[in-house]
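To keep things clear, I will list the structure first and then write my remarks on it.
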Amino acid sequence: MATATTHDAGDAPHTAPHGKYTGYHPVILAAAPPSLAAGYAVLAASAALLAVGSYATLLSAVWPHTGIRVLDALAADSHYKYFVLLLIPTTAYFVIANWVGWQYYRNS
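Here the sequence shown is numbered in the UniProt record's numbering, starting from 1 and rising by one per residue.
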């Protein structure tokens, strides 16, 4: 959840009636939960990527051309079909490594 801080006029911190500092009071900003349609869309996109990627890397060598221009172009290509699919785990590794590094930096 994202948090923000609220301030009094003049950006002064909150104080109790007895004058002691009580710190800033965070305001919780809640996001709406994802919808069921969004979940199904992610599942459908994942299944489509798996099907196209499986055809491009594994099945295109043994199956004849399909007549679909995009799939036939993927079957004829010998570089970018692997590049796009291998970009996914590489990007995931990069994101995770940066997140871990940021956590080490914040907590040191």
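Each residue gets a CB set at the ideal place from its N, CA and C atoms; glycine is no exception.
All values reported here derive from a predicted model rather than from experimental measurement.
Give a yes or no on whether the C-beta atoms belonging to residue i and residue j are separated by under 9 Å.
i           : j      : result
residue 114 : Ser-54 : The structure shown does not extend to residue 114, since the chain is modelled only from 1 to 108, so the question has no answer here.
Ala-56      : Leu-71 : yes
Would you identify the three-state DSSP class for residue i, choosing helix, strand or coil?
i      : result
Val-27 : strand
Val-70 : helix
Ala-75 : helix
Asp-8  : Here the model assigns Asp-8 a pLDDT of 47, short of 50, so the residue's position is not dependable and the matter cannot be decided.
At what residues does the alpha helix (DSSP H) containing residue i begin and finish?
i      : result
Ile-88 : 80 to 106
Gly-39 : 36 to 54
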